[in-house]
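Following our numbering from start to finish, the sequence shown increments by one per residue and tops out at 698.
All residues carry an ideal CB built from backbone N, CA and C; glycine is no exception.
Since the structure is predicted, the reported quantities are computational estimates derived from the model, not experimental observations.
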Amino acid sequence: MKLKDIKISMVSYKLDLQKSYFPAVKSGEIWDHSVGEELRLASFDSSLKIALVEVNESGKISRKWNFQELYNDAIIVAKHLLIKHKKGDRIAVWSSNKPEWVLLEYGVALAGLVLVTVNPSYQADELKYVLSQSESSELFLCRSFRGNPMWRIANEVCNSIGVEIEMTDIEDITKIVLKGDIKGELPEVQSDDPFQIQYTSGTTGFPKGAMLHHKGLLNNAKFYQERMKAKNGDKFLNSMPLFHCAGSGMATLGCLTHRSEHYLMSIFDPIVVGKVIEKEKITQWGGVPTMFVQTLKAQNDKFRDFSSLKSVSSGGSNVPPALAKEIKSKFNIDVQIVYGQTEASPIITLAWPNDQADQLKDTVGQPLPNIEVSINSTDNGKILPIGEVGEICCRGYNIMLGYFNNNSETEKTISSSGWLRTGDLGYMDRNGYIRVTGRTQEMIIRGGENIYPKEIENCILENNAISEVAVIGVPDKIFGEVIACFLKFNGSYKLGEDELKKFIRIKLSAQKTPKYWINIEEWPLTASGKIQKFVLREKFLNGEYEREKI
């Protein structure tokens, strides 16, 4: 059987590859329309079916929309946006999970605008960079989130940028909707038009805005749900943050493509997760390993009824075998491991529901339909033999348009023939299953969040008491990885751990604050004088460095 002849498959592909190249499996149609058009179609074929359900912090159901209501409200939002903006303009959203966030996402899609998603834990410098680099013309935000005074920070940032950026309370979207429809035409939106800009960093430490298009995000969510065996009317619990493409793409758009009920949590709470799954008979749930660890732990005293769950998926960082085993034991289903990155909209590979135990334990599954994957030599870029470790590369409908206003980084990341270099290391077996072994770059993944050492190092070096610094990721049972910071002080004066944390928290968000601080007297260096971070990591794991407070 030829790969191109495979129809929509519900079982893994049985192959016998001769080299580390997985051809695109032509399974399932690649839709050639926009997100807004798909919402319009849903409003016709599933008008009265529940589309969006608000789950508040206590786990109670607050508001609901069917597909017709969701489409009608999104049209109103789109027309109001077009009063002030033109097609292609960037609109930033800096908020925790709210139904208004989803209405804004769909309104932006219908209006042909571009949504710039911002992490609600960002501090002033981070927000300023994203708003300036993306050239956003309006910022929708909530007042605060987990103690972060977002409105005050945004007001200061917007006044300091030098160009006018309108600030709008995201809850005002409800007021806009209540005013009703207004006159105005919506523009024609193509499937390859940019839809979102999501920021991801690199070795330079400066965030890069990945421009994701309608076709990539919509079809990737569709193929994700197909492999998860989603059905019309499923109930998907979205505990992932909407600013991430897992929350606003995989979950939100996946529920759209399969006409599922999208249960949106305002904030992740492991106790509330158990309560909602049991009470609402949730059938699908996706998250990062940290969420599963905390949810399982929270159910110890009284384990709730999770029998309604048909599928769970996890990605963002490695899923330890012990965690996968516990999920199987408690949920009576296997967790399907997801692998991808923002630049790929985001999923590249996904495990199958029928995968064997060793495949679930050691691999991240096979590529999604219509995506090519190869393992290339880091020396010459050539495709490697089966089983050899190299850089994971992919090509397909899902690859980003490029980095916004950053051609040089785009050219480094996407080849002239359309191949995306992921920066991840791994190898492929004869059946096309991928095993991820590490990263060519130094990115840290803490609880599913990408963290880049250079950004933290640059921040710490702004303190005059510190002369040199190196930041690495080290294993952690809860978050997968946490941050360890090695530093040298100027002279005899040394800052304490509390002082260091206070200093970094002025500049960066909490998840970028190191857990371990190590004062080092002598660096392990290469012949050219560069710090050997792998040596620091090995010695740290071997207990050769004291982890006590400085």
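{"Item": "Decide if I209 is buried, meaning its Cβ has at least 16 other Cβ atoms within 10 Å, or exposed.", "Value": "exposed"}
{"Item": "Per DSSP, Y693 forms a beta bridge with which residues?", "Value": "According to DSSP, which records beta bridges pairwise, Y693 is partnered with nothing at all."}
{"Item": "Smallest Cα separation from A658: which of L189, K234 and Y270?", "Value": "Y270"}
{"Item": "By how many angstroms is the C-alpha of N528 removed from the C-alpha of P268?", "Value": "41 angstroms"}
{"Item": "Whole angstroms is fine: what's the gap from W179's alpha carbon to L366's?", "Value": "8 angstroms"}
{"Item": "If you measure between the beta carbons of V537 and G580, is that distance less than 8 angstroms?", "Value": "no"}
{"Item": "DSSP beta-bridge partners for C633?", "Value": "V619 and W665"}
{"Item": "Among E669, I592, E610 and E647, whose alpha-carbon lies nearest the alpha-carbon of A632?", "Value": "I592"}
{"Item": "Using the beta-carbon count (16 or more within 10 Å), is G586 buried or exposed?", "Value": "exposed"}
{"Item": "Would you mind working out which of S408, L251, S285 and E474 sits nearest A199, comparing C-alpha positions?", "Value": "S408"}
{"Item": "If you follow the alpha helix (DSSP H) that S282 is part of, which residue opens it and which one closes it?", "Value": "A272 to S282"}
{"Item": "Could you please give the first and the last residue of the uninterrupted alpha helix (DSSP H) stretch that includes W500?", "Value": "Element bounds for W500: n/a, residue is neither H nor E."}
{"Item": "Using only CA atoms, which one of I604, I321 and K246 lies nearest to D226?", "Value": "Note on residue identity: the sequence assigns Ala, not Asp, to residue 226. Among I604, I321 and K246, the Cα nearest to that of A226 belongs to I321."}
{"Item": "Would you kindly report the start and end of the unbroken beta strand (DSSP E) that includes P342?", "Value": "P342 to T348"}
{"Item": "Just how far apart, CA to CA, sit A190 and G381?", "Value": "12 angstroms"}
{"Item": "Quick check on L532: buried or exposed, where buried means 16 or more other Cβ atoms within 10 Å of its Cβ?", "Value": "buried"}
{"Item": "Distance check for S194 and G184, CA to CA, integer angstroms please.", "Value": "15 angstroms"}
{"Item": "Return yes when the Cβ of T570 is within less than 8 angstroms of the Cβ of E539, no when it is not.", "Value": "yes"}
{"Item": "Helix, strand or coil for T351, going by three-state DSSP, please let me know.", "Value": "Annotation note: pLDDT 38 at T351 (below 50); position unreliable, coordinate value reported separately. Note: T351 maps to coil in three-state DSSP."}
{"Item": "Helix, strand or coil for Y581, going by three-state DSSP, please let me know.", "Value": "coil"}
{"Item": "Exposed or buried, what is P297 when buried is set at 16 or more other beta-carbons lying within 10 Å of its beta-carbon?", "Value": "exposed"}
{"Item": "By a C-beta neighbour count over all protein chains shown, 10 Å radius and 16 as the cutoff for buried, is T352 buried or exposed?", "Value": "For T352, the predicted structure reports a pLDDT of 45, less than 50, and the residue's modelled location is therefore unreliable. A value from the coordinates is still provided. T352 comes out exposed."}
{"Item": "Looking at C-alpha atoms only, which residue of L549, E629, Q514 and G176 is the closest neighbour of L163?", "Value": "Q514"}
{"Item": "For N535, which of M576, A505, T558 and E647 has the nearest alpha-carbon?", "Value": "The identity of residue 535 in the sequence shown is Gly, whereas the question assumes Asn. Nearest of M576, A505, T558 and E647 to G535, Cα basis: M576."}
{"Item": "Taking buried to mean at least 16 other C-beta atoms within 10 Å of its own C-beta, is P517 buried or exposed?", "Value": "buried"}
{"Item": "Given that a residue counts as buried once 16 or more other Cβ atoms are within 10 Å of its Cβ, and exposed if not, what is T526?", "Value": "exposed"}
{"Item": "With C-beta atoms as the reference, is S160 less than 8 angstroms away from N555?", "Value": "no"}
{"Item": "When DSSP labels each residue in this structure, what does S308 get in the three-state scheme?", "Value": "helix"}
{"Item": "Give the list of continuous beta strand (DSSP E) stretches no shorter than 3 residues that lie fully inside the region 519-604.", "Value": "519-524, 538-544, 568-576, 582-587, 592-594 and 597-599"}
{"Item": "Using only the alpha-carbon positions, how far apart do V424 and T490 sit?", "Value": "29 angstroms"}
{"Item": "State the DSSP-derived secondary structure class of R211, mapped to helix, strand or coil.", "Value": "strand"}
{"Item": "Hey, T316 and F354 are a contact pair by Cβ (cut 8 angstroms); roughly how many whole angstroms apart?", "Value": "Not quite, the Cβ-Cβ distance comes to about 27 angstroms (not below 8 angstroms), so this is no contact."}
{"Item": "Give the secondary structure of M315 by DSSP, where H, G and I count as helix, E and B as strand, and everything else as coil.", "Value": "strand"}
{"Item": "Let me check understanding here. Comparing Cα to Cα, which of G639, L568 and I654 lies closest to I604?", "Value": "I654"}
{"Item": "What are the boundary residues of the alpha helix (DSSP H) that E333 is part of?", "Value": "Counting along the chain, E333 falls outside any alpha helix (DSSP H), and DSSP gives it neither H nor E."}
{"Item": "Beta-carbon within less than 8 angstroms of L252's beta-carbon, same chain only, minus the 5 sequence neighbours each way: which residues are those?", "Value": "V225, I239, V241, L263, F288, I318 and I321"}
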